[in-house]
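Trainee:
Protein chains in written order, with the numbering used here: chain A, 1 to 96; chain B, 1001 to 1314.
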């Protein structure tokens, strides 16, 4: 079964999507998690275009990759947790 | 009791004043706060002896916690996969699910006047959903305002945030040449694109929500690169609130008119226009603009409240 270029691209993007989704959970710091989450949204945006829903793609690019990432970053800055290790073991309030 | 309730209703008395309010924090300087933190951490060091027991408890808690997390994740994934298995296949004909869709696809252009069927769908057939969506956004903005707004009244109690925000203002990105240079080039393009997406909602992909989100991102970059000052003159907080409120009420009244006429069989007098022209689609263009305004200002308001604790300047 020969795959067309679009199908190959789709498969690559879906694999990347899963990789992103898993690595958000596995990253060390919260800042990295936010950045990977934003790249997840960018990949999702391309997938929306391939699935022929450009309306959603525009919204995903603006909200998912742009605004919500910015809001996450602002929140991290406000609670001073840009370089905090992921929850669980680790430093608490005193580390500020 | 009844008297108290009436007083509370009139806003004279706060019943929960002594229950809910945390004690008032006295005003302290930065050094005093630092000293207090040092004391707290020293005390924590002294209590390290008791931590062995606490450590064991924490370890068993962590074991239970990770098992519970894995189990709930697997359960959730199972439920979702089971639901997906019940869906009709991608692109398959299924009378139960395609009946409505076919009506939208076949009669959409005729009934809504919008070339872009998605716009016709979300702002005509299902405008009620979009109305609720806009209200959710507005409510979220109000909640963030209640929680994060910093003004003269609560500056003293939120002294820590106040210091941090003052710090932020000192080390503003607005002095950064790269930020300013990129902003200078990018911001006009973003606004132009946002306006295009917003105003062409009935013709091409996009519409109120996407266009509004793009413009909100433009506002955010503008504020990050050039500070609040240029925005503050054009859009003080009062005006932002008023414009958002006006857009929401316009949406509600316009849609209320359509619902009323539709439900009572009165002919709708709003012209549909020629499909394909910019002024087509009846109410879709004005509704797009209203939704776009709400979304753009909500995004900008979130950013502004998260970063500075106020919309606009000081």
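C-beta atoms are modelled at their ideal positions from N, C-alpha and C, and glycine is treated no differently.
Below 7 Å between beta carbons is the criterion; list the residues of the stretch 57-78 of chain A that meet it against any residue of chain B, in chain order.
Mentor: Cβ contacts with chain B: 58, 59, 62, 63, 66, 67, 70, 71, 74, 75 and 78.
Trainee: What residues of chain A sit near residue 1197 of chain B, judged by a beta carbon separation below 8 Å?
Mentor: By Cβ distance, chain A contributes 58.
Trainee: For residue 1022 of chain B, count the other beta carbons within 10 Å of its own beta carbon; 16 or more makes it buried, fewer makes it exposed. Which is it?
Mentor: Because residue 1022 of chain B carries a pLDDT of 47, less than 50, the predicted location of this residue cannot be relied on, and the following value inherits that uncertainty. The residue is exposed, with fewer than 16 neighbouring Cβ atoms inside 10 Å.
Trainee: Is it the case that the Cβ atoms of residue 71 of chain A and residue 1302 of chain B are separated by a distance below 8 Å?
Mentor: Contact flag set, yes.
Trainee: Tell me, please, whether the CB atom of residue 1205 of chain B is closer than 8 Å to any CB atom in chain A?
Mentor: Chain A contact via Cβ: present.
Trainee: Kindly indicate if chain A contains any beta-carbon less than 8 Å away from that of residue 1216 of chain B.
Mentor: Residue 1216 of chain B counts as touching chain A.
Trainee: So, residue 1183 of chain B versus residue 1292 of chain B, is the Cβ gap smaller than 8 Å?
Mentor: Not closer than 8 Å, so no.
Trainee: Can you grab the Cα-Cα spacing for the pair residue 1139 of chain B / residue 1228 of chain B, in whole Å?
Mentor: Computed Cα separation, rounded: 24 Å.
Trainee: Return the CA-CA distance between residue 11 of chain A and residue 76 of chain A, expressed in angstroms with no decimal places.
Mentor: Cα to Cα, residue 11 of chain A sits roughly 33 Å from residue 76 of chain A.
Trainee: Given 8 Å as the limit, is there contact between the stretch 1127-1146 of chain B and the stretch 1242-1249 of chain B, that is, 3 or more CB pairs closer than that?
Mentor: They touch, by the three-pair rule.
Trainee: Should residue 33 of chain A and residue 24 of chain A be called a contact, given that it needs their Cβ atoms to be closer than 8 Å?
Mentor: Contact: yes.
Trainee: Expressed to the nearest angstrom, what Euclidean distance is found between the alpha-carbon atoms of residue 40 of chain A and residue 6 of chain A?
Mentor: Each residue's Cα considered, the two are about 19 Å apart.
Trainee: Please confirm if residue 1220 of chain B has its CB atom under 8 Å from at least one CB of chain A.
Mentor: Interface residue, yes.
Trainee: According to DSSP, simplified to helix, strand and coil, what is residue 51 of chain A?
Mentor: The answer is coil: DSSP assigns residue 51 of chain A none of H, G, I, E or B.
Trainee: Run down chain A in chain order and give the residues with a C-beta less than 7 Å from the C-beta of residue 1213 of chain B.
Mentor: Simply 59, 62, 63 and 67.
Trainee: What residues in the stretch 1113-1126 of chain B bring their beta carbon closer than 9 Å to a beta carbon of chain A?
Mentor: Listed by position, the residues of the stretch 1113-1126 of chain B near chain A (Cβ gap below 9 Å) are 1116, 1118, 1119 and 1122.
Trainee: What do you reckon, are the CB atoms on residue 1118 of chain B and residue 1203 of chain B nearer than 8 Å?
Mentor: Contact: no.
Trainee: Would you give the residue range spanned by the alpha helix (DSSP H) that residue 1125 of chain B belongs to?
Mentor: Per DSSP, residue 1125 of chain B belongs to no alpha helix (DSSP H) and is neither H nor E.
Trainee: Check the Cβ of residue 1307 of chain B against every Cβ in chain A and list those closer than 7 Å, keeping chain order.
Mentor: 74, listed in chain order.
Trainee: By alpha-carbon positions, which one of B:1196, B:1220 and B:1141 ends up nearest to residue 989 of chain B?
Mentor: With chain B covering only 1001 through 1314, there is no way to say anything about residue 989 of chain B.
Trainee: Assign residue 1141 of chain B to one of three DSSP states: helix, strand, or coil.
Mentor: Helix.
Trainee: Just to confirm the assignment: which complete alpha helix (DSSP H) runs, minimum length 4, are found wholly within the stretch 1190-1243 of chain B?
Mentor: 1208-1226 and 1229-1234, all fully within the stretch 1190-1243 of chain B.
Trainee: Hey, residue 1112 of chain B and residue 1256 of chain B are a contact pair by Cβ (cut 8 Å); roughly how many whole angstroms apart?
Mentor: Residue 1112 of chain B to residue 1256 of chain B, Cβ: 18 Å. No contact.
Trainee: Quick one, are the C-beta atoms of residue 1198 of chain B and residue 1129 of chain B less than 8 Å apart?
Mentor: Not in contact: residue 1198 of chain B and residue 1129 of chain B (Cβ atoms no closer than 8 Å).
Trainee: Starting from residue 1287 of chain B, follow the alpha helix (DSSP H) in both directions and report where the run begins and ends.
Mentor: Unbroken alpha helix (DSSP H) run through residue 1287 of chain B: 1284-1308.
Trainee: Between the Cα of residue 1196 of chain B and those of A:67, A:58, A:65 and A:63, spot the shortest distance and give me the residue it belongs to.
Mentor: Answer by Cα proximity: A:58.
Trainee: Mind checking the stretch 1251-1265 of chain B against chain A and listing, in chain order, the residues whose C-beta falls within less than 9 Å of any C-beta there?
Mentor: The residues in question: there are none.
Trainee: Kindly indicate which residue of B:1283, B:1262, B:1259 and B:1278 has the alpha-carbon position closest to the one of residue 1270 of chain B.
Mentor: For the residues B:1283, B:1262, B:1259 and B:1278, the minimum Cα distance to residue 1270 of chain B belongs to B:1283.
Trainee: Exposed or buried, residue 1230 of chain B, counting other C-beta atoms within 10 Å across all chains shown (16 or more means buried)?
Mentor: So residue 1230 of chain B ends up on the exposed side.
Trainee: Assuming residue 70 of chain A is part of the alpha helix (DSSP H), what are its boundary residues?
Mentor: Note, residue 70 of chain A: alpha helix (DSSP H), 68-78.
Trainee: Closer than 9 Å between beta carbons: that is the criterion. Which residues of the stretch 1128-1152 of chain B meet it against chain A?
Mentor: Hits within the stretch, in order: 1148.
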